[in-house]
Each structure stands twice: as structure tokens, then as C-alpha cells.
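J.: Take this structure first; my questions come after.
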Amino acid sequence: ISREVQKDLDQPKEKLFIRPSGSNLQQLSDHIGYQTYQLGIELGLKVVEMQQIERNHVTNLRSQTEEVLNKWRRHPEATYEVLLKALYRLELSSVLPYITYEEGLAEQAEERIIQDIEISQILDYMMSHLVISSDDRRRIEHHAGQDDQNKNLIELVNKRGESTYNVFVDALRISGYKDLADELKYDSQEEGSGEALEPQNKGLSEWNVPVYKVRLQKNYSNIVHCINHENIVDHLISFDILTIADSQMINACPAQIQKNRKLMDILLHGSEKGFIEFLKSIREDSVTTELAEEIESTLVTSRDISTMYGCYK
Numbered sequence: 003i004s005r006e007v008q009k010d011l012d013q014p015k016e017k018l019f020i021r022p023s024g025s026n027l028q029q030l031s032d033h034i035g036y037q038t039y040q041l042g043i044e045l046g047l048k049v050v051e052m053q054q055i056e057r058n059h060v061t062n063l064r065s066q067t068e069e070v071l072n073k074w075r076r077h078p079e080a081t082y083e084v085l086l087k088a089l090y091r092l093e094l095s096s097v098l099p100y101i102t103y104e105e106g107l108a109e110q111a112e113e114r115i116i117q118d119i120e121i122s123q124i125l126d127y128m129m130s131h132l133v134i135s136s137d138d139r140r141r142i143e144h145h146a147g148q149d150d151q152n153k154n155l156i157e158l159v160n161k162r163g164e165s166t167y168n169v170f171v172d173a174l175r176i177s178g179y180k181d182l183a184d185e186l187k188y189d190s191q192e193e194g195s196g197e198a199l200e201p202q203n204k205g206l207s208e209w210n211v212p213v214y215k216v217r218l219q220k221n222y223s224n225i226v227h228c229i230n231h232e233n234i235v236d237h238l239i240s241f242d243i244l245t246i247a248d249s250q251m252i253n254a255c256p257a258q259i260q261k262n263r264k265l266m267d268i269l270l271h272g273s274e275k276g277f278i279e280f281l282k283s284i285r286e287d288s289v290t291t292e293l294a295e296e297i298e299s300t301l302v303t304s305r306d307i308s309t310m311y312g313c314y315k
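Here it is, written out as C-alpha cells:
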């Protein structure tokens, strides 16, 4: 390793292990040039992702570089150390002076997110936008402490990538954390071109995600805020969808919205018969008849299917 690279690698570990800031990566985009494709591969992006990025910015190499670096930055393993080593392997040590080891606003905000936010409403919003599954929610809420739940959610968001990150930021904003959302949005430096790469012409059945579950989950927030569980639970018990034990578990939740979330968890892990009987039950109640119609008529696109499918990969 050259003396210049070794000097950078001799930086304090706490600097090397920081996730690079969006603003620092934007500066680097001016100095990578024609080796953008090779850098993306070195950083762990897939060939199909690199091909998509090239198509997104056919005549603009700098924009290709920006998107490569921003996409990589959303990987859990993205650190200054990984970036340094990739640049060294490509003999791009001339770029090293432009690395500032600046900590992004997202990283500064992360500790505040872990300590300060209450995530129930945020999870409702993210489920309605299909970027987390009922299994994801179970894993997050399995942790006893709020800090641990928040940390687990942040890890999931970073792992899932841009579209999940954007929904998370929007969820923060509508849940009353506008300042945090603004910081994260500013730091993301995203151009919106890195959406799902899966082919959009696949038949819905090929994704192996039941359409009724997508309809149910797209209406998650409306359902948990609108329904009263009691008559629904009685109806579902009479059709052997729920058991007495399920009913007891639901009723053990202290607040109405928590009872509704528990019922939704059971339905999302259940069969289409449960979904059909649930619709019948809420249609019989004049207060929720319109909700039943909305759920049943909810449009399900191939993008919805692929987004939800991404939660199970």
C-alpha cells in the first residue's frame, strides 16, 4: 500500500468506521471519471445495478458517479475504510485528498432517533407503503426497550436501501419529527432514479405474494385507526379464523389501536379466507362499510408486489 493510502488508513478507527457523508461523496464525484463502473463493482454493487445507473445517465458520467456512491452509501457496510481500500485497488489514490472524514447529518441524527422517537405510528406508515412486512414489525417490536426497537428499525432501513429510506423519512415527518426528517432528507442527496430494478412486466403471480395481503397492508394505517375490533373478532371466531386464545391475546393489549394492530398481525399471517371474512365483518358495520369497499377495490400493481416481495428476500 502506498504511503499516502497508508496514512489515510492510519486514521483513528472511529473516523474510518463512519458512514461517509452525502456532501463528501458529492465532492468525490468530480474526481472518479471513467472508472465509475469499476468503482461500483469494487464497492459491491451488482452488474445489473451498474447497467441501470448507466442507462439512467447515458451522457453524464458525473451523475453516474453520484448515483453509484449514494447507492453504495445505503449499504450497511459502507464506511470510509471500505471506500479507501476500493480507491486504492483502482489506483485512484489521487482522490484521497478530497476525503474529509466528515460525519453526515444522518449519522448525527441517528442517536437522536434511537433515543427520542416513538415508532408505532412510523411502522404503521411504513407498512402501508409496503417497505416493511408484518414479520419485520414482529422482529422490531420483539425488543423490550424503545431504544433497541429504534436501533433495529434504523438497521433495517439502512439495509433495505433508498426507497425504504425515503418512506422512513416521510414517516418521521408526518409523525411529528419534521426537524429530523429534514436533516435526513437533506443528507440523502438522492435523485430518485434508483428505484426497484426488478422487471416491471412480470406477472403478478410470479412474485408469490398474495394480492389480498397487499390490499390489506396498503390499507394498514386506515384499518388500525378506524375499526373497533370486538364485533370483528366475534365474527372471525364464529368462522374458525380466530381462536379464543387469539381473542384473549388481542384483548390483552391496553389501547384500542394496539388491539387493532394485533388483529392485523394475525390477519397478515393468515389465509385469504380470513381476509374475506374480515371484509364481510367490517362491511356489516355502517361505520366501516366504506373502508371495506376501499380495501376490496385497492389497486395492486406489479411495483407494489415487487416492493413487498423485497421484504422477504
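Position one of the sequence shown corresponds to residue 3 (the working numbering), numbered consecutively onward.
Backbone N, C-alpha and C fix where the C-beta goes; we use that ideal spot for every residue, glycine too.
Give me, in chain order, the residues of the same chain whose beta-carbon lies closer than 8 Å to that of I156; leave out the 5 immediate sequence neighbours on both sides.
T.: So the list reads E112, I115, I116, once near-sequence residues are dropped.
J.: By Cβ distance, which residues of its chain are closer than 7 Å to Y100, with the 5 residues on each side in sequence left out?
T.: If we look at Y100 and ignore the five residues flanking it on each side, its Cβ neighbours are Q29, L30, H33.
J.: To test your reading of the DSSP string, which unbroken alpha helix (DSSP H) runs of 4 or more residues are found completely within the region 54-128?
T.: For the region 54-128, whole alpha helix (DSSP H) runs of length 4 or above, ordered along the chain, are 63-75, 82-91, 107-118.
J.: Once you ignore the five residues that flank C228 on each side, which residues in its own chain have a CB closer than 7 Å to its CB?
T.: Once the five neighbours on either side are set aside, the close Cβ partners of C228 are T290, L293.
J.: Use the C-beta contact count for H231: other C-beta atoms within 10 angstroms, 16 or more gives buried, fewer gives exposed.
T.: With 16 or more Cβ atoms within 10 Å of its Cβ, H231 is classed as buried.
J.: Using C-beta distances below 7 Å, list every residue in its chain close to N233, excluding the 5 sequence neighbours before and after it, in chain order.
T.: Excluding sequence neighbours, N233 sits near S283, D287.
J.: Between S299 and the ligand FMN, is the CB less than 7 Å from at least one heavy atom?
T.: Looking at this structure, you won't find the ligand FMN or any other ligand, since it has none at all.
J.: Could you give the first and the last residue of the continuous alpha helix (DSSP H) run that contains C228?
T.: That run of the alpha helix (DSSP H) goes 222-228.
J.: Residue range of the alpha helix (DSSP H) that L281 falls in?
T.: Residues 274-286.
J.: Just the Cα atoms here: how many angstroms apart are R57 and V50?
T.: Near 11 Å, if we compare the C-alpha coordinates of V50 and R57.
J.: Three or more beta-carbon pairs under 8 Å between the region 58-69 and the region 134-141, yes or no?
T.: With the cut-off at 8 Å, the region 58-69 and the region 134-141 do not touch.
J.: Given a cut-off of 8 Å, decide if F277 and L238 are closer than it, judged by their beta-carbon atoms.
T.: Result no, Cβ atoms of L238 and F277 do not sit closer than 8 Å.
J.: Do you know whose CA, among L27, C313, R76, lies nearest G46's CA?
T.: When each option's Cα is compared against that of G46, the closest is R76.
J.: Use the C-beta contact count for I246: other C-beta atoms within 10 angstroms, 16 or more gives buried, fewer gives exposed.
T.: Burial call: exposed.
J.: In whole angstroms, what separates the C-alpha of Q219 from that of F241?
T.: Rounded to the nearest angstrom, the two C-alpha atoms are 22 Å apart.
J.: Considering only the beta carbon of each residue, do S177 and I134 sit closer than 8 Å?
T.: Going by C-beta atoms, S177 is not nearer than 8 Å to I134.
J.: For R91, collect the residues of the same chain with a Cβ closer than 8 Å to its Cβ; drop the 5 residues on either side in sequence, then sort them by chain order.
T.: So the list reads E44, once near-sequence residues are dropped.
J.: Check whether the Cβ atoms of I259 and V235 sit closer than 8 Å, and answer yes or no.
T.: It is not a contact, given that the beta carbons lie outside the stated cut-off.
J.: For a quick check, are the C-beta atoms of Y214 and D126 less than 8 Å apart?
T.: No.
J.: Using the Cα positions of V159 and Y167, report the straight-line distance between them to the nearest angstrom.
T.: V159 and Y167: Cα-Cα distance of roughly 6 Å.
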